[in-house]
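By the numbering used here, the letter at position 58 of the sequence shown is numbered 58, and the numbering carries on one by one without gaps.
For glycine and all other residues, C-beta sits at the position ideal for the given N, C-alpha and C.
Presented below is the structure to which this report refers.
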Amino acid sequence: MLKRSLQVMFVALFGAVFGVVSTQGASALEPTVYNQPGDHLVNGRYWKTSCEMYSTSVVRCRTEIWATKVVKANGAYYNHNGWVFNNLTYLPSSRSAWKGNPLATPDGRWTAKDGHQWKTECGTAATGKNGCRSYVLSRNVVSTGGKFVSQSAWVFNNIVQFSTSTLPAQTKILPKAPALKGVPVEKPFRAPVAARASSGSLNLAREAMWDRIARCESTNNWSINTGNGHYGGLQFNLQTWRSVGGTDFAAYPHQASRAEQITVANRLYAKRGTQPWSCA
Numbered sequence: 001m002l003k004r005s006l007q008v009m010f011v012a013l014f015g016a017v018f019g020v021v022s023t024q025g026a027s028a029l030e031p032t033v034y035n036q037p038g039d040h041l042v043n044g045r046y047w048k049t050s051c052e053m054y055s056t057s058v059v060r061c062r063t064e065i066w067a068t069k070v071v072k073a074n075g076a077y078y079n080h081n082g083w084v085f086n087n088l089t090y091l092p093s094s095r096s097a098w099k100g101n102p103l104a105t106p107d108g109r110w111t112a113k114d115g116h117q118w119k120t121e122c123g124t125a126a127t128g129k130n131g132c133r134s135y136v137l138s139r140n141v142v143s144t145g146g147k148f149v150s151q152s153a154w155v156f157n158n159i160v161q162f163s164t165s166t167l168p169a170q171t172k173i174l175p176k177a178p179a180l181k182g183v184p185v186e187k188p189f190r191a192p193v194a195a196r197a198s199s200g201s202l203n204l205a206r207e208a209m210w211d212r213i214a215r216c217e218s219t220n221n222w223s224i225n226t227g228n229g230h231y232g233g234l235q236f237n238l239q240t241w242r243s244v245g246g247t248d249f250a251a252y253p254h255q256a257s258r259a260e261q262i263t264v265a266n267r268l269y270a271k272r273g274t275q276p277w278s279c280a
């Protein structure tokens, strides 16, 4: 899944992107996708980073990655390519700057004002001895196995880096990365709308029977999305809807009119009779 895969990618890149450059015994922070503002192309993926002063002495950078995400439109979920939040990075700063802050408290757990639960780990194999990572318990809809599934999981949110005797505090925002060509631009999402079939192609045969079945299946709610994978007055699942050309009318059954749903039902009836409907 997307967020999980991004976390794995972060761990894989951590050793490389958080390197330092030696300058006569001291170490200067090396610009990376996580700490340098601007656009980046790393491992064939586009990244976008913006940085700001979190406090007078702490720099915070937000990194996004170009990826496929799940969006909701007209009561349905879709995959959409765009910018996806990856993580926040707090650049090296003194431990004293983080005193009392839960983002830098080992084994800390708390509930934010918005009700979300958080947890923090410090000095672990995942963070290194001079860092902390925080996670938030989130419910997200993900695309898996051709279906959209809602699930709760601990999602990596941010990393805090502490300065050391060999890695000075980074108290200023790094210079912006050189301009990069070919950076994608996210377009506003528009739900697909299949071309409507002409009225001459509608088939309202057995209309009374279909209305009776719809009363049982959906209480005659032709625009219902039950959330269980069945849609519309006759409770088509998406696979069946597509198999008999339902997308001639609409991407999802509940987005089609009553007459269009009946037309598709007649196509299915020609192949399987009333077998697909328990209320028949």
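Outcome for residue i when other beta-carbon atoms lying within 10 angstroms are tallied against a minimum of 16
{"i": "His116", "result": "exposed"}
{"i": "Pro253", "result": "buried"}
{"i": "Glu52", "result": "exposed"}
{"i": "Val59", "result": "buried"}
{"i": "Gln36", "result": "buried"}
{"i": "Trp277", "result": "buried"}
{"i": "Ser55", "result": "exposed"}
{"i": "Gly44", "result": "exposed"}
{"i": "Val244", "result": "buried"}
{"i": "Trp66", "result": "buried"}
Distance, residue j Cα to residue i Cα
{"i": "Asn266", "j": "Ala76", "result": "25 Å"}
{"i": "Thr164", "j": "Ala104", "result": "15 Å"}
{"i": "Gly100", "j": "Phe162", "result": "15 Å"}
{"i": "Cys279", "j": "Ser201", "result": "26 Å"}
{"i": "Ser223", "j": "Ser257", "result": "8 Å"}
{"i": "Ser306", "j": "Gln261", "result": "Shown here, the chain extends from 1 to 280; a query on residue 306 therefore has no answer."}
{"i": "Gly128", "j": "Asn158", "result": "14 Å"}
{"i": "Asp114", "j": "Thr263", "result": "47 Å"}
Same chain, Cβ closer than 8 Å to residue i, neighbours up to 5 away in sequence not counted
{"i": "Pro188", "result": "none"}
{"i": "Ala57", "result": "Reading the sequence as shown, one finds Ser at residue 57 and not Ala. Here the set comprises Ser93, Ser94, Ala97, Ala169 and Thr171."}
{"i": "Ala194", "result": "Note that Ala194 scores a pLDDT of 49, beneath 50, so its modelled location is shaky and nothing firm can be said."}
{"i": "Ser198", "result": "Bear in mind that a pLDDT of 49 at Ser198, under 50, signals an unreliable position, so the number given afterwards is only what the model happens to contain. No residues qualify anywhere along the chain."}
DSSP beta-bridge partners of residue i
{"i": "Tyr231", "result": "Asn225 and Phe236"}
{"i": "Gln151", "result": "Asn140"}
{"i": "Ile159", "result": "Thr89 and Arg133"}
Cβ shell of residue i (< 6 Å), same chain only, five flanking positions each side left out
{"i": "Cys122", "result": "Pro106 and Cys132"}
{"i": "Phe236", "result": "Pro253"}
{"i": "Ala229", "result": "According to the sequence shown, residue 229 is Gly rather than Ala. So the qualifying residues of the chain are Asn237."}
{"i": "Gly15", "result": "Only weak support is given to the placement of Gly15: the predicted model assigns it a pLDDT of 43, under 50, and the value that follows is read from those uncertain coordinates. Correct list: empty, nothing qualifies."}
{"i": "Ile173", "result": "Cys51 and Val59"}
Contacts around residue i, its chain only, beta-carbon distance under 7 Å, and the 5 residues preceding and following it disregarded
{"i": "Arg212", "result": "none"}
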